[in-house]
Structure formats: structure tokens, C-alpha cells
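**Q** Right, I'll just put the structure down here and ask away after.
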Amino acid sequence: MIGKISEVWNLIIQSNTFNFIVMVMLLAYIFKKFNLSDILLKMKRNIIQSIDNSVLVKKEGDEALEKAENSLKNLENEIKLSLDNAEKLGNQTAENILKESEIKLEQTEKNTLKIQQADEKNLSSKLVRDAVSNSTDKARKYITDILDAHPELQEKYIYESLDDLDRIDLK
67 MIGKISEVWN LIIQSNTFNF IVMVMLLAYI FKKFNLSDIL LKMKRNIIQS IDNSVLVKKE
127 GDEALEKAEN SLKNLENEIK LSLDNAEKLG NQTAENILKE SEIKLEQTEK NTLKIQQADE
187 KNLSSKLVRD AVSNSTDKAR KYITDILDAH PELQEKYIYE SLDDLDRIDL K
């Protein structure tokens, strides 16, 4: 009988079911001894917290990405608007420069014409003065030559001049 008990005992020990039961009992003892259920629960909470944090970080990342995409969309519009404004400003500046240049050119032409006319008047006046001076000199020389040649005319001209002065009314 001891032989049969020993055979049954060998059979039980070699069976997988017995080994499984022993392992389950050993694990249950370890769980109770080391309070593994609390440790596993803390690990579970930590994993859940990590997942929640990951979801929050992903949500913030998605929001940042959306803001960046909107910013890029707006940036393209802002660049286009800035380029359009710069082109308009450039065109206006070019037009203003052209208008101012035309005005300056007209003023320069007018001033040149005025200077030319003033120079013509000065030259004409100088020519008239020179002609009058030459004529006066020639007339004086002619009169003195005649009076030198005919002294009797001197007295006649003196009396005529005095008569002319008497006729002038100085009142």
C-alpha cells in the first residue's frame, strides 16, 4: 500500500493540475504577504494617470498644431497684404516723384526763360545806352565842330535856349 501511495503521490506531483494549484496557492500567499494587490493598484493608477497626461499633452499638441496652421494661413494672407501695400506705396511714390520732377522741370524752364528774357533786356538796354552815348558824343562833336566853324551861331542858340526856358512855366 505504501507503494501504491507512493505511486499516486508521484502521479500527483507530476501532474500539471497539481503544479498549477501549488503555483496559484504560492502566488496567493505572495500577494497577501507583499500586498501585491495594492502595488498593482498603484501601478494601474500610475498607468491611467500617464495615459490621461498623454491624452492631455496630445490635446495641447493638437491645439498648438491647429494654432500654427491657422497662423501659417494668416501669415500667407498677411504677406500677400504686405506685398500689395508695398506695391501700392511704391507706385504712389513713383507717381509723386514723377509729378514733382515734372513740376521742377516746368519751374526750371520758366526760370530759364525769365533769365533769358532778363539777359535780353539787359543786353538791349546796354546796346541802347551805348548807342545813345555814341550818338550823344557824335552830336556833341558835330555841334562843337559847327559852332567852331560858325561862331555867330553860338549867340543865336544861346538866345533860343533862354527863350525856351522862359516859356516853361515852373509854377
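237 is the number that the numbering used here gives the last residue of the sequence shown; the numbers go up by one with no jumps.
Glycine included, every Cβ here is placed at the ideal spot set by N, Cα and C.
Which first and last residues belong to the alpha helix (DSSP H) in which S201 is found?
**A** Locating residue 201 in the sequence shown gives position 135, counting from the first residue. Taken as a continuous stretch (DSSP letters only), the alpha helix (DSSP H) holding S201 covers L102 to A215.
**Q** Using DSSP with H/G/I as helix, E/B as strand and the rest coil, what is M67?
**A** Translated into the one-based positions of the sequence shown, residue 67 becomes position 1. Coil, per DSSP.
**Q** Alpha carbon to alpha carbon, how far is T63 from R233?
**A** This structure cannot settle anything about residue 63, because the visible part of the chain is limited to 67 through 237.
**Q** On the premise that L213 lies in contact with L219, defined as a C-beta separation below 8 Å, what is that separation, rounded to the nearest angstrom?
**A** Taking the first residue of the sequence shown as position 1, residue 219 is located at position 153. Taking the first residue of the sequence shown as position 1, residue 213 is located at position 147. Indeed they touch by this definition, with Cβ atoms about 6 Å apart.
**Q** State the DSSP-derived secondary structure class of I78, mapped to helix, strand or coil.
**A** The residue given as residue 78 occupies position 12 in the sequence shown. Three-state result, I78: helix.
**Q** Keeping to the same chain, check which residues put their C-beta closer than 8 Å to that of L102; ignore five residues upstream and five downstream.
**A** The residue you call residue 102 lines up with position 36 of the sequence shown. Closer than 8 Å at the Cβ level, and outside the excluded window around L102, lie I96.
**Q** How is I96 classed by DSSP in three states: helix, strand or coil?
**A** Within the sequence shown, residue 96 is the residue found at index 30, counting from 1. Reduced to three states, the DSSP call for I96 is helix.
**Q** Which of the three DSSP states is assigned to I224 in this structure?
**A** Taking the first residue of the sequence shown as position 1, residue 224 is located at position 158. Reduced to three states, the DSSP call for I224 is helix.
**Q** Classify I234 as helix, strand or coil using the three-state DSSP reduction.
**A** Position 168 of the sequence shown holds residue 234. The answer is coil: DSSP assigns I234 none of H, G, I, E or B.
**Q** What does the alpha-carbon distance come out to for the pair S116 and K139?
**A** Taking the sequence shown and counting its residues from 1, the one referred to as residue 116 is at position 50. Taking the sequence shown and counting its residues from 1, the one referred to as residue 139 is at position 73. Whole-angstrom Cα-Cα distance: 34 Å.
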